Amino acid sequence: MHKLKIMTALTGCLFASANMAHATSSTAIFWGPTPYLSSSDIPAGFYLGDNPVLLDNLEDGSLDASISASNGSVYGPTGIADSVDADDGNIDGFGTAGRSWFSGTVTFTYTGSGPLPTAFGVVWTDGSGTITFSATDALGQSLGSQSYTGIPDGTFGGTTGDDRFFGVQFAGGIKSITIGTGGGIEVDHIQYGQMVSSVPEPTSALMLSLGLLGVVGYRRTRKSTTE
Ligand SMILES: [Ca+2]
Ligand SMILES: [Ca+2]
Ligand SMILES: [Ca+2]
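Here is the structure:
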């Protein structure tokens with residue numbers, strides 16, 4: 001009798017938790033493209049507390065050790081680099097005095113030792129054609145891919161009016177992001193952090209509360225039969 005009641009409670013809570021997890025964490029949310037001239041243009045609400053865990057502006061000449069790139073290298077600060085505008089100290093319509101990442105289509109993969117980012121972004125600064133942005137989860141499975149036309153301004157002279165933020169959020173963790181046009185591109189401000197947790201861990205919370213209900217029911221039953 002007691003065992004049956006406990007089993008019933010546990011079965012119910014397992015069903016409920018599985019349904020909630022499915023409904024709340026299976027979809028990635030893509031952000032952007034939005035204009036970006038400095039880190040203050042990170043969209044509000046993208047990161048927990050509006051602060052990334054890491055933002056690499058590449059101005060030290062190298063990519064942070066917690067990120068690997070499938071190809072490309074740091075470019076600038078000479079020539080026609082298209083850095084994020086503010087990186088050279090002046091928001092003046094040009095990024096030529098800053099540093100960017102120059103490559104073909106490139107995948108940035110999180111290689112750090114901490115928990116996977118749940119918010120991951122990059123700023124596209126130069127290139128031509130259709131821009132495609134995609135991401136993968138912890139197992140390397142696609143979280144979706146989105147394409148955008150009409151963004152490039154048609155010049156490779158380091159102008160920043162066409163620079164755009166691309167981001168993705170996924171509560172289950174993001175392993176990598178990929179951005180490209182099929183031709184040469186420049187990107188900058190590779191960044192990641194944790195998303196705002198609007199839905200707190202439904203599985204563990206529900207298991208705990210329903211588990212407690214089961215224990216209470218069990219104790220009540222025992223009490224009534226022993227007295
Ligand atoms: Ca500038
Ligand atoms: Ca830069
Ligand atoms: Ca640009």
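If you're matching positions, the sequence shown starts at 1 in full-length UniProt numbering and goes up one per residue. Glycine included, each C-beta is placed from N, C-alpha and C at the ideal position. None of these values were measured; they are calculated from a predicted model.
Contact check for A97 and P77: beta-carbon distance about 5 angstroms, within the 8 angstroms limit, so the pair qualifies. Counting along the chain, the unbroken beta strand (DSSP E) around F166 starts and ends at R164 to Q169. Judged by beta-carbon spacing, Y47 lies beyond the 8 angstroms limit of F165, meaning their Cβ atoms are not closer than that value. Contact between V122 and I80 is ruled out by a C-beta separation of about 20 angstroms, above the 8 angstroms threshold. Rounded to the nearest whole angstrom, the C-alpha separation of T27 and F156 is 36 angstroms. Runs of beta strand (DSSP E) with 3 or more residues, each lying fully within the stretch 126–193, are found at 131–137, 142–148, 164–169, 174–180 and 185–193, listed in chain order. As computed with DSSP, F102 is found in a beta bridge with S73 and E186.
Excluding the 5 residues flanking it on each side, T105 has same chain C-beta neighbours closer than 6 angstroms at G180, in chain order. In the three-state reduction of the DSSP assignment, D92 falls in the coil class. By alpha-carbon distance to F30, the top candidate from F94, A44 and V168 is V168. For T109, the shortest C-beta to heavy atom distance toward ligand 3 is 7 angstroms or greater.
About 7 angstroms separates the beta carbon of W124 from that of D163, a gap short enough to meet the 8 angstroms contact definition. Bounds of the beta strand (DSSP E) holding I29 are I29 to P35. Apart from the 5 residues on each side of it in sequence, L139 has no Cβ closer than 7 angstroms to any other Cβ in its chain. Straight across, the Cα-Cα distance linking G193 with D56 is about 12 angstroms.
Distances taken from the Cβ of G95 to the heavy atoms of ligand 1 include one shorter than 7 angstroms.
D137 places its beta carbon 8 angstroms or farther from that of L58.
DSSP, reduced to helix, strand and coil, places S39 within a helical segment of the structure shown.
When DSSP states are grouped into helix, strand and coil, G49 belongs to the helix group. Beyond the five residues adjoining it in sequence on each side, G173 comes within less than 8 angstroms, by CB distance, of P115, L116, P117, T118, D137 and A138 in the same chain, given in chain order. For N71, the distance from the CB to the nearest heavy atom of ligand 1 is not below 7 angstroms.
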